[in-house]
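*Asks:*
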Amino acid sequence: DIEAKDNGGGTVLHSAARVGNEAVVQLLVERGADVEAKDHGGATVLYWAAWGGNEAVVRLLVDRGADIKAKDNDGRT
Numbered sequence: 001d002i003e004a005k006d007n008g009g010g011t012v013l014h015s016a017a018r019v020g021n022e023a024v025v026q027l028l029v030e031r032g033a034d035v036e037a038k039d040h041g042g043a044t045v046l047y048w049a050a051w052g053g054n055e056a057v058v059r060l061l062v063d064r065g066a067d068i069k070a071k072d073n074d075g076r077t
């Protein structure tokens with residue numbers, strides 16, 4: 001299941017974005033992974049890509065429609 005969640009509510013796309021694995025992010029998005037998925041804290045895939053300093057992944061997600069104004073449970077973008 002491409003949308004399976006870990007104990008923190010993150011998907012494999014969250015993990016790939018956080019560590020900057022652009023090839024895996026691209027593959028998952030092409031296979032239908034939800035670029036708007038949120039973990040239990042409300043953090044999006046885009047949040048974790050930015051947190052990890054992964055500019056190429058951030059661009060890829062934004063190009064695929066990730067909401068740059070989405071906020072987590074604490075109001076962070």
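For the sequence shown, UniProt numbering gives the first residue as 1, with consecutive numbering after it.
For every residue, glycine included, the Cβ atom is placed at its ideal position computed from N, Cα and C.
1. How many Å lie between residue 35 and residue 53 at the Cα?
2. For a minimum of 4 consecutive residues, which ranges assigned as the alpha helix (DSSP H) are wholly contained in the UniProt repeat "ANK" (8-40)?
3. My guess is that residue 57 and residue 22 are in contact by the Cβ rule of under 8 angstroms, so how many angstroms apart are they, rounded?
4. Excluding the 5 residues preceding and the 5 following residue 24 in the sequence, name in chain order all residues of the same chain whose CB lies nearer than 6 angstroms to its CB.
5. So, using beta-carbon positions, are residue 40 and residue 9 closer together than 8 angstroms?
6. Give the range of the alpha helix (DSSP H) segment to which residue 64 is assigned.
*Replies:* Checking against the coordinates, here is how it stands:
1. 17 angstroms
2. For the UniProt repeat "ANK" (8-40), whole alpha helix (DSSP H) runs of length 4 or above, ordered along the chain, are 12-19 and 22-30.
3. 5 angstroms
4. 16
5. yes
6. From DSSP, residue 64 is part of no alpha helix (DSSP H); its letter is neither H nor E.
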